[in-house]
Each structure stands twice: as C-alpha cells, then as structure tokens.
C-alpha cells in the first residue's frame with residue numbers, strides 16, 4: 025500500500041488546514057450516516073440507506089483535491105461523496121425525508137443526491153451506472169478546454185460490470201481527464217472479493233487499458249488525497265485517466281445500521297478494520313505532529329452535531345411534495 | 284425557400300451539417316461515424332467540415348457511447364450519439380432508460396439531458412433478427428424519452444434538427460429501407476418539433492395511422508383504394524413519444540374507421556396504445572373496431588419469402604381497409 029512518501033510530503037505538505045479540512049469532511053459523513061441510519065431504523069424516515077461509514081477517507085481525500093467546477097459521479101452508497109463534495113445537510117436530510125426542499129425535491133431520495141452547484145453530478149442506484157457519465161463529464165471538460173476533471177467513485181463489485189470496462193477503455197482511447205476511483209471494501213453487496221474476481225489488486229485492471237493503476241490505503245485520507253492529486257495533475261496535463269484502487273472497509277451492513285442478517289463476514293474482520301479507522305488516524309496525525317489540538321477536533325464533532333440537528337429540524341418542518349405536481353420535470357419544456 | 288429532391292439519408296445528413304454549423308455545442312460520437320461517415324453514410328462529410336473534436340469515432344462500446352453523451356449533456360453540451368442499428372439499444376439500455384431518461388425527474392429538475400441518439404431500424408433487407416427490429420414501443424414506454432421515426436426525406440432532416448434542439452433525451456430512428464427514397468427537401472435549416480403529427484393525405488372513408496416506413500406503404504394502398512372510390516386519410520404521428528393523439532382523434536371523428544399499421548410486432552406495440560386511446564376518447568364515433576396491422580409475434584426472419592410475409596405491405600393494408608369498410 026502506498027503511503028505519503030517524503031517526496032510527496034515536500035510537494036504537498038500536511039498542513040494544519042489540510043488536516044482540519046479532511047477531518048471535518050470525514051466527521052460530517054460519519055455522523056450524517058449514523059444519524060440517518062437511526063432515523064430510517066426508527067421509521068421516522070422512509071426507504072432504506074446504504075451507509076458509507078468506514079470509507080470516509082476515500083471521498084474526503086479525493087474531494088479535498090477537487091474544486092466545485094470538477095465533476096463527480098457516485099453510487100447507491102453516495103451520501104459520503106455528496107458531503108465530501110460540499111453538500112449541505114439541510115437539503116440532504118430533506119431529500120431523505122422526501123420533502124420539496126430536498127436536493128431532488130423528494131423525487132430521488134437517498135440514492136440520487138445531486139448538487140450541480142458543487143459538481144456533484146448525481147448518485148446512481150445502478151451499479152456502474154455513473155462510470156460512463158463521468159467519462160461524458162470529462163469529455164465536456166476536454167471539449168471546452170476548461171481545465172476541469174471528472175471523478176467516478178464506484179465499488180469493487182462495479183469493476184465486474186460492462187460499463188466499467190467500456191468506460192475505462194473509452195476514456196483511455198480518448199485521453200479524457202477522468203479519474204476512476206475504486207472503493208474496494210472487499211464485498212460486492214454480500215459476496216467477498218475472492219468469490220467475484222481472481223485478482224487481489226483491482227488496480228491491475230488498469231494495465232488492460234494502458235493507463236496507470238494505483239493502489240492506496242483507503243483508510244488514510246492524506247494518502248488518498250496525494251494519489252488523487254497526482255492523478256488530477258496528470259489528467260490536467262492531457263495525459264488521460266488514472267485508475268485508483270482505495271482499499272477500504274464498510275463498517276455497516278450492505279444497507280441499514282443493524283448487524284449482519286447472515287454471517288457473510290467475520291465480526292473479527294470488522295473489528296480489525298475499525299482499529300485502522302480513518303478519523304482516528306487523522307486525529308492521531310494532527311495531535312502527534314502538533315498541528316491540531318484534541319479540543320479543536322472535538323469542536324468539529326460538536327459543530328457537526330449542531331449542523332445535523334439543524335438539518336433534521338429543517339427537513340421535518342419542510343412541506344411534503346404535492347401529488348398534483350407528480351408529472352413535473354419528466355420532461356424539460 | 285428553395286426546395287429540391289434529396290434522398291432520405293442526404294436530407295438527414297444536410298440537417299446534421301446545418302445544425303452543427305449553427306451550434307458549436309453539438310458534437311457527434313459513435314462507431315465509425317467520423318472517418319467512415321457512418322455505415323449508412325448518414326454522417327458523410329462531417330469530420331471534414333467540423334474536425335475530430337466534434338466528430339468522434341469510438342470503440343465498440345454502446346453503453347459507454349450513450350453514457351458519455353449523458354454526462355456531456357448534463358454539462359450542457361448537445362451530443363449526438365449514434366447506435367448504428369436499433370437492435371443495439373439493448374446493449375446500451377441502462378444508460379438510455381435508467382440514466383438519460385430519468386435524470387431530469389429523479390434529480391428534481393436540476394439536470395437536463397439534451398442528448399440525441401440516432402439509429403436505424405426496420406426490416407426488409409434480409410438483415411435478420413438482430414439487425415432489423417423496430418423497438419420503438421420499448422423506448423416510448425419510458426417516461427423521459429422522446430422517440431421519432433421519420434417517414435420522408437423532409438422529416439428526416441426536420442426531425443434530426445428538432446431532436447438536437449430539444450432539451451430532452453431524444454431518439455431518432457431512421458428506416459434503413461428508406462435511405463435512398465427521394466422527396467422534396469428545403470435547402471434552408473428547419474426544425475420539426477416532436478409531438479406534431481403529419482396529415483400525409485386527407486380522406487373521408489377511413490384513417491390509417493402509419494408508423495415509420497409504413498407511411499409509404501399506406502400511401503401506395505391509399506392510391507389503389509382511391510381508384511376504387513375509397514378515400515383514405517393517412518396520419519403519420521412522426522414521434523411515438525410524445526404521441527399527437529389529438530390529430531389522430533380529429534381524423535377518427537371524421538372517418539369513423541381506423542387502422543393502425545407498424546412493422547414492430549403487434550403484441551404490446553405502439554398500435555395497442557393508439558387503439559386504446561382512440562377507444563377511450565372516441566368510442567362513440569367508431570363504426571368499426573380499431574384494427575391493427577403489424578408483424579407477427581416472432582423475431583424478424585432472414586429468408587426474403589419469410590421476411591416479406593412478416594412485414595406489413597400495401598396490399599395487406601389495402602385488404603384490411605376494405606374489410607374495415609365492410610363493417611356496418
């Protein structure tokens with residue numbers, strides 16, 4: 025696994041601001057997910073949720089290297105990407121509650137958060153469905169020459185679907201400024217990686233398309249950010265796409281916050297990954313290097329709680345959609 | 284307006300040239316659309332005129348071609364993605380019906396997808412089961428998509444321009460057997476919006492609603508019937524989604540008898556929808572049941588004798604209209 029090298033450290037130093045930024049993004053994701061999970065579990069919120077807890081370093085690390093003008097596409101497990109890209113809690117909670125003030129006016133729900141103002145081109149409930157769309161966003165970057173890039177986040181399971189192979193090859197052939205980020209959490213829904221592919225390192229698939237494949241510790245936001253920056257710079261130089269494999273882990277089940285319905289993975293495995301928790305790691309780095317105090321980290325947690333309560337209250341007090349409007353926005357008129 | 288005779292494919296091609304010259308956000312992407320000009324020469328000359336940034340060849344990757352179009356359209360460009368044969372929509376279907384069609388609605392109106400998909404459908408060329416289908420009912424069934432089937436050179440040009448200017452995902456299904464058919468086409472750039480039917484021929488005894496190339500067969504049938512003193516009105520919906528049911532109903536209320544013809548299979552075809560809407564909205568005006576003439580429920584066969592039996596044609600249209608008129 026790649027860790028920040030001394031050379032990278034010299035170019036991209038771990039500053040106090042960076043540690044605070046990554047920490048804030050990750051804490052916001054974690055607490056949003058835990059809180060939303062409970063709200064669905066209690067029946068307060070409709071539908072079901074695929075929670076991102078455990079994988080925060082991937083979204084936070086990559087998105088910290090992007091601007092609002094850069095585009096991302098996301099997955100059914102997409103809250104983390106939206107939050108990392110800067111999405112607000114109010115319209116996010118409102119969307120999960122199915123309210124008119126939600127990001128999608130209550131039309132999309134958990135699996136379809138979108139925020140065009142922040143380059144969040146939409147979460148996608150079809151595994152691999154967002155990958156070709158990111159290629160299209162990158163095509164628009166190249167077409168306009170606007171210097172932006174696109175990132176597609178997807179899981180290990182998605183790399184077995186045709187859209188992945190078609191998209192990576194197409195982006196390679198057309199030399200598009202896109203970064204493919206595999207969040208390898210070891211499971212395609214409930215099926216472990218060794219039963220859905222023969223590879224140990226999915227980054228090896230990059231060689232099939234003639235592009236770089238990079239492996240990074242997906243529990244280390246700083247390391248993720250570093251490889252993302254290298255890939256982004258490469259894309260902006262016109263050298264085409266990069267495939268990044270971030271090795272990470274999903275703390276909760278495929279969906280919801282309850283424990284495993286069947287023991288498809290060893291609880292000891294879950295606990296082992298939790299000892300490498302991304303938020304604990306960045307806090308340890310911040311404190312050990314004297315960049316950020318424990319009190320300052322505590323303040324981020326507290327502010328996040330306040331923001332979450334504000335978002336939930338806003339959502340609960342927002343109006344329901346009116347069935348009279350059910351045909352609105354099927355078409356652009 | 285200067286009008287001259289052009290083939291269906293040249294008319295389409297002229298529309299592409301003119302709309303790309305008009306709008307720098309329009310680009311074309313697909314398999315062999317650039318260097319080769321498309322396997323049906325739909326895109327001849329575009330690479331030379333507009334260059335490799337705007338006219339782009341791709342690997343054989345239909346899903347990625349459409350997905351690229353979806354992403355680029357969501358960012359405000361106006362992609363034209365070619366799928367060559369309509370049968371290939373299945374390969375790209377997720378990007379068409381789960382992505383392009385739903386983004387506007389699912390994302391609360393925040394994203395528009397001004398994507399145009401071009402493709403060629405229809406039987407009659409011994410191209411067999413995977414290169415001959417008419418799958419418009421599949422596409423018309425998906426909220427968010429618009430589907431047009433030009434039935435003349437004039438419409439081939441006008442509808443591709445209308446599709447590209449439309450802010451929604453549109454599919455323009457050319458008919459392979461009509462590529463060389465000639466007809467009057469204005470030189471100027473013009474646009475035909477989706478959802479506006481064409482009254483191809485006015486008549487008083489019966490209405491034929493014909494889809495795609497079946498308009499041509501209906502016209503032949505109508506000419507024969509006219510010689511026998513039977514006056515037939517022909518309605519070409521032009522787009523099956525949206526469907527201009529009002530123009531169809533107006534005609535039905537005038538003629539009281541109606542035949543719907545398409546070359547897709549009859550079961551679950553667009554004719555079923557049109558028949559149902561007519562009976563729900565104009566039952567009291569009908570002097571005979573709404574009748575359908577379409578392909579049997581089988582894949583398109585290869586042997587010419589089988590394929591001829593499979594696709595509706597003018598003699599069968601004529602025979603069905605005569606039977607419709609026998610009903611008292």
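Chains as they are written, first to last, in my numbering: chain E, 25 to 357; chain S, 284 to 611.
Even glycine gets a Cβ: it sits at the ideal position worked out from N, Cα and C.
Cβ separation of residue i and residue j, assumed to be a contact under 8 angstroms, to the nearest whole Å
i	j	result
residue 459 (chain S)	residue 408 (chain S)	6 angstroms
residue 484 (chain S)	residue 515 (chain S)	7 angstroms
residue 334 (chain E)	residue 113 (chain E)	7 angstroms
residue 429 (chain S)	residue 449 (chain S)	7 angstroms
residue 400 (chain S)	residue 349 (chain S)	7 angstroms
residue 352 (chain S)	residue 210 (chain E)	Actually they do not touch by this definition, with Cβ atoms about 34 angstroms apart.
residue 79 (chain E)	residue 172 (chain E)	Their Cβ separation, rounded to whole angstroms, is 25 angstroms, which puts residue 79 (chain E) and residue 172 (chain E) out of contact at 8 angstroms.
residue 455 (chain S)	residue 521 (chain S)	Contact doesn't hold; Cβ gap of about 11 angstroms is too wide.
Simplified DSSP assignment, three categories, for residue i
i	result
residue 138 (chain E)	coil
residue 491 (chain S)	strand
residue 211 (chain E)	strand
residue 485 (chain S)	coil
residue 465 (chain S)	strand
residue 284 (chain E)	coil
residue 28 (chain E)	At residue 28 (chain E), the pLDDT of 49 sits below 50, so the modelled position is not reliable and the matter cannot be decided from this model.
residue 361 (chain S)	strand
residue 556 (chain S)	helix
residue 309 (chain E)	helix
residue 115 (chain E)	helix
residue 519 (chain S)	strand
residue 55 (chain E)	helix
residue 549 (chain S)	coil
residue 353 (chain S)	helix
residue 229 (chain E)	helix
residue 289 (chain E)	coil
Beta-carbon neighbours of residue i, restricted to chain S and to distances below 7 angstroms
i	result
residue 205 (chain E)	Here the premise fails: no neighbours, minimum Cβ distance about 16 angstroms.
residue 140 (chain E)	393 and 394
residue 190 (chain E)	344, 346 and 347
residue 175 (chain E)	Within chain S, no residue comes near residue 175 (chain E); the closest Cβ sits about 12 angstroms away, beyond 7 angstroms.
DSSP bridge partner residues for residue i (one or two, in chain order)
i	result
residue 575 (chain S)	S:543
residue 179 (chain E)	E:207
residue 400 (chain S)	S:364 and S:454
residue 237 (chain E)	E:267
residue 346 (chain S)	Per DSSP, none; premise fails for residue 346 (chain S).
residue 90 (chain E)	In the DSSP output, where bridge partners are listed per residue, residue 90 (chain E) has none listed.
residue 312 (chain S)	S:339 and S:364
residue 562 (chain S)	For residue 562 (chain S), which the question treats as bridged, DSSP gives no partner whatsoever.
residue 429 (chain S)	S:453
Chain E contact residues for residue i, given Cβ-Cβ distances below 7 angstroms
i	result
residue 373 (chain S)	Those within 7 angstroms of residue 373 (chain S) in chain E number zero; the least Cβ separation is about 12 angstroms.
residue 450 (chain S)	356
residue 382 (chain S)	153 and 157
residue 336 (chain S)	167
Residue i CB to nearest heavy atom of the ligand SAH below 8 angstroms
i	result
residue 467 (chain S)	Inclusion of the ligand SAH in the displayed structure is not the case, the ligand content being empty and no account of it being possible.
Under 9 angstroms from the C-beta of residue i: neighbouring residues of chain S
i	result
residue 51 (chain E)	By Cβ distance, chain S contributes nothing, its closest Cβ being about 27 angstroms from residue 51 (chain E), past 9 angstroms.
residue 127 (chain E)	390, 391 and 393
Interface partners of residue i on chain E, CB under 8 angstroms
i	result
residue 355 (chain S)	160, 161, 163, 164 and 167
residue 377 (chain S)	150, 153 and 187
residue 605 (chain S)	The contacting residues do not exist; residue 605 (chain S) stays about 40 angstroms from chain E at best.
residue 426 (chain S)	354
residue 386 (chain S)	146
Per-residue contacts from residue i into chain E (C-beta, under 9 angstroms)
i	result
residue 310 (chain S)	163 and 167
residue 361 (chain S)	Under the 9 angstroms cutoff, chain E gives no residues; its nearest Cβ is about 11 angstroms from residue 361 (chain S).
residue 350 (chain S)	153, 154, 155, 156, 157, 158, 159, 160, 187, 190, 191 and 194
residue 521 (chain S)	Near residue 521 (chain S) there are no residues of chain E at all, since even the closest Cβ is about 17 angstroms away, more than 9 angstroms.
residue 432 (chain S)	Within 9 angstroms Cβ-Cβ: nothing; residue 432 (chain S) doesn't reach chain E, min ~19 angstroms.
Chain-ordered neighbours of residue i on chain S, where CB pairs are closer than 8 angstroms
i	result
residue 132 (chain E)	389, 390 and 391
At least 3 beta-carbon pairs within less than 8 angstroms: the region 92-99 of chain E vs the region 39-49 of chain E: no
Any 3 or more C-beta pairs closer than 8 angstroms across the region 327-338 of chain S and the region 134-147 of chain E: no
Contact between the region 214-226 of chain E and the region 291-309 of chain E (3+ Cβ pairs under 8 angstroms): no
Cβ pair count under 8 angstroms reaching 3, the region 162-172 of chain E against the region 199-207 of chain E: yes
Cβ pair count under 8 angstroms reaching 3, the region 577-588 of chain S against the region 536-555 of chain S: yes
Contact between the region 124-135 of chain E and the region 382-391 of chain S (3+ Cβ pairs under 8 angstroms): yes
Touch test, the region 467-475 of chain S against the region 416-430 of chain S, Cβ-Cβ under 8 angstroms, three pairs minimum: no
Touch test, the region 373-387 of chain S against the region 149-156 of chain E, Cβ-Cβ under 8 angstroms, three pairs minimum: yes
Given 8 angstroms, three or more beta-carbon pairs between the region 321-336 of chain S and the region 501-517 of chain S: no
Sufficient close CB pairs (3 or more, under 8 angstroms) joining the region 581-598 of chain S to the region 556-573 of chain S: no
The region 53-62 of chain E / the region 275-287 of chain E touching (three or more Cβ pairs under 8 angstroms): yes
Contact between the region 338-351 of chain E and the region 288-299 of chain S (3+ Cβ pairs under 8 angstroms): no
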